[in-house]
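A quick write-up on the structure given underneath.
Number of protein chains: 2
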Amino acid sequence: MHILILGAAGMVGRKLVERLAADGHLGGRTITELTLFDVVEAPPVEGVKSRSLAGDISGPGQVERLVAARPDVIFHLAAVVSGEAEADFEKGYRINLDGTRSLFEAVRRSGDGYHPRVVFTSSVAVFGAPFPEPGIHDEYLCAPLTSYGTQKAIGELLLGDYSRRGVFDGVGIRLPTICVRPGRPNKAASGFFSNIIREPLNGLEAVLPVGEDVRHWHASPRSAVEFLLHAATLDTSLLGPRRSLTMPGISVTVGEQIEALRRVAGADAIRLIRREPDPAIIRMVSSWPERFVADRAESLGFTSERSFEDIIRVYIEDELGGRLGA
Amino acid sequence: MHILILGAAGMVGRKLVERLAADGHLGGRTITELTLFDVVEAPPVEGVKSRSLAGDISGPGQVERLVAARPDVIFHLAAVVSGEAEADFEKGYRINLDGTRSLFEAVRRSGDGYHPRVVFTSSVAVFGAPFPEPGIHDEYLCAPLTSYGTQKAIGELLLGDYSRRGVFDGVGIRLPTICVRPGRPNKAASGFFSNIIREPLNGLEAVLPVGEDVRHWHASPRSAVEFLLHAATLDTSLLGPRRSLTMPGISVTVGEQIEALRRVAGADAIRLIRREPDPAIIRMVSSWPERFVADRAESLGFTSERSFEDIIRVYIEDELGGRLGA
């Protein structure tokens, strides 16, 4: 089985690649080759034959060359992130819309019975306020409030139509905010959700730019990889024509995140969180989704953590070797 | 005021043009020029300076030339219809998606404070079964089951994002099935909804390919024109970021249509309806929307007929000079 991963050098992409290489199989079939594609060359992996290629998904002939090798499964994680797609209108549409569409077109044009599984990572950014109570359910309107969310919602529509027409077998998964992100604080507006946990766990100070009553939807990087693997192996006859699913997660307030951190790492850890309200971030976050009722995904076997403490423990296990204390 | 109409030679487009020319003004401003664009040259109109151009909306430079004249209002009705978009995948995407996007891009690239009202005709085909009871409401998921519906749903998303970013002031209107369509029976799968009324009113036989229990959502051509005019003049500050609206209409079964015809035109008329079940049409129609709760549009002042008899009377007034009997 040949697997193509677009966006293989990103945080979730790398974890997916490592997991596939460690498993050596997917859905009962042996993995014979991994093709890793991103704007930069993804680091090599051990255990499975792999090939890293760097390029622009929207470049002429690029996805056609990748699809010509007829991968059995295509994980499409490549995207310009929310902040950049908002700041650079043309780049966002070029990568997130045209790049996705040219991938789908490359599969369609290859013809000859080629019918891969395509796993498309969408986002909860396809939803925009106001939201229903008790949470956004599976039949709620996609009404994005960002260009990124618009591009992901369009990707979902294309995925549905190309799947319905038998071009490929598509599954779209709307990822929660991934928490706790490893690495250093980044400029993403949502970065603080991870920063306020990761930095204190590493003995470092973190900035909290919003109030403790801000509620959001989270899953761990480990869950994100599990979502991807399950989407790649799921019996899609159970899906029907609605090919995109909101993934399960945990809805917590920032206050509840901090309390979970205190329970896991003690009062010293939470003293490292410095309140520094940022009106721009407060405004942005106010229109973000707070909670979901992910019934369809759960009934199809997608699972995530059960509490925010579980999410913190995943970080400690996967990134700190299971040990607390910097 | 300069108005551009894309799709000006179609049935609704022609009626819109005639109405604009007859009124001579829109939203209190005098119409100084109409530009009529379609794949064929639209017939000239009296009373207002007008210019008819034929071309392909997706042709290089085409929409740019139309937008360069900086029309104050753009009515975008140009589309490949449902059946053709399903039969010709590439043409459907080229006209309905790329054509719409290049129009929006042409406005964006013109810059310099140009900010027209853009009225985009969408369709109830953005919805796909299963549907909620008692009808499809304003927060229901767009889950199209045709390429046409997919392309219209994508157009709505683009309209929302371009409006949010201040490129133009967009309003999307999802038209019900337009009934009674004037002219001769056509090959559209939905054609019978009009045929079974129009043909008997003209003393001709009509074929009914589905059962009498089939329920559907209708508005007259006159209402369609009213929707377009209202969308062009509406205070969009009332709309918020959700720029597309399901238009009001009448939900009736085919049996109720026939009964309305009997009341308006007598028992002889309904005897001209010949039952000839067509499994392909029966299958297609089974996934079409049956009824809506068009609260938002109604609260914003969009109105339609109150009964199917009203819809029949509009046909008699507008197409038969108010006189029954062929």
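Those protein sequences? They're chains S and A, same order as listed. This note's numbering applies: residue 1221 is where the first sequence begins, and numbers increase by one. This note's numbering applies: residue 1221 is where the second sequence begins, and numbers increase by one. Built from N, CA and C at the ideal position, the CB exists for glycine as well.
Residues near residue i by beta carbon distance below 7 Å, same chain, minus five either side
i       : result
E1529/A : A1480, R1483 and V1484
G1542/A : I1536
P1291/A : H1222, I1223, L1224, T1255 and P1336
Sequence-distant residues of the same chain with beta carbon closer than 6 Å to residue i, five excluded per side
i       : result
S1367/S : A1305, E1306 and G1312
I1294/S : L1224, P1336 and V1338
S1414/A : C1399, V1400 and R1401
A1546/S : Caution applies to A1546/S, whose pLDDT of 47 falls short of 50 and renders its modelled position unreliable; the model cannot decide the point.
A1326/S : V1283, E1284 and V1287
V1534/A : S1440 and R1442
V1474/S : E1432 and V1434
S1564/S : Residue 1564/S lies beyond the stretch modelled for chain S, which goes from 1221 to 1546, so this question has no answer here.
L1317/A : Q1371 and I1374
Coarse secondary structure for residue i, derived from DSSP in three states
i       : result
R1435/A : strand
A1546/A : Caution applies to A1546/A, whose pLDDT of 48 falls short of 50 and renders its modelled position unreliable; the model cannot decide the point.
R1290/S : coil
D1488/A : helix
F1547/A : Because chain A spans 1221 through 1546 in this model, residue 1547/A falls outside it and cannot be assessed.
L1246/S : strand
F1522/A : coil
P1360/A : Here residue 1360/A turns out to be Tyr, not Pro, going by the sequence shown. It is a strand residue.
Y1535/S : helix
Cross-chain neighbours of residue i in chain S, by beta carbon under 8 Å
i       : result
S1367/A : D1381 and R1385
T1370/A : L1377, L1378, G1380 and D1381
DSSP bridge partner residues for residue i (one or two, in chain order)
i       : result
E1253/S : H1222/S
T1473/S : R1435/S
D1258/S : A1274/S
F1295/A : I1225/A and V1339/A
L1465/S : I1393/S
R1495/A : L1428/A
F1447/S : DSSP lists no partner for F1447/S.
F1528/S : In the DSSP output, where bridge partners are listed per residue, F1528/S has none listed.
9 Å Cβ cut-off: residues of chain A touching residue i
i       : result
E1525/S : Near E1525/S there are no residues of chain A at all, since even the closest Cβ is about 27 Å away, more than 9 Å.
L1361/S : D1358, E1359, Y1360, L1361, C1362 and R1462
P1352/S : E1359
Chain S contact residues for residue i, given Cβ-Cβ distances below 7 Å
i       : result
G1348/A : P1461
Chain A contact residues for residue i, given Cβ-Cβ distances below 8 Å
i       : result
I1374/S : I1374, L1377 and L1378
Cβ neighbours of residue i in the same chain (closer than 8 Å, five flanking residues each side left out)
i       : result
W1437/A : V1344, P1396, T1397, G1469, I1470, S1471, P1509, E1510, R1511 and F1512
L1250/S : The sequence shown places Thr at residue 1250/S, rather than the Leu named in the question. Closer than 8 Å at the Cβ level, and outside the excluded window around T1250/S, lie M1221 and G1244.
R1271/S : E1253, L1254, T1255 and L1256
E1518/A : P1468
E1496/A : V1427, L1428 and P1429
F1340/S : H1296, T1320, G1375, E1376, L1379, G1390, V1391, G1392, I1393 and S1464
S1507/A : G1348, A1349 and L1365
is_contact[residue i, chain B] using C-beta, thresh 8 Å
i       : result
G1475/S : Absent from the structure: chain B. Protein chains present are S and A.
Near the ligand FMN: residue i beta-carbon under 7 Å from a heavy atom
i       : result
I1294/A : In the structure on display, the ligand FMN does not appear, and there are no ligands present to speak of.
Item to complete: Ignoring anything shorter than 3 residues or poking outside the segment 1382 to 1436 of chain A, list the beta strand (DSSP E) runs there in chain order.
Response: 1389 to 1395 and 1426 to 1428
Worksheet item: Unbroken alpha helix (DSSP H) runs of length 4 or more, entirely within the segment 1294 to 1327 of chain S: which are they?
Response: 1302 to 1307 and 1309 to 1312
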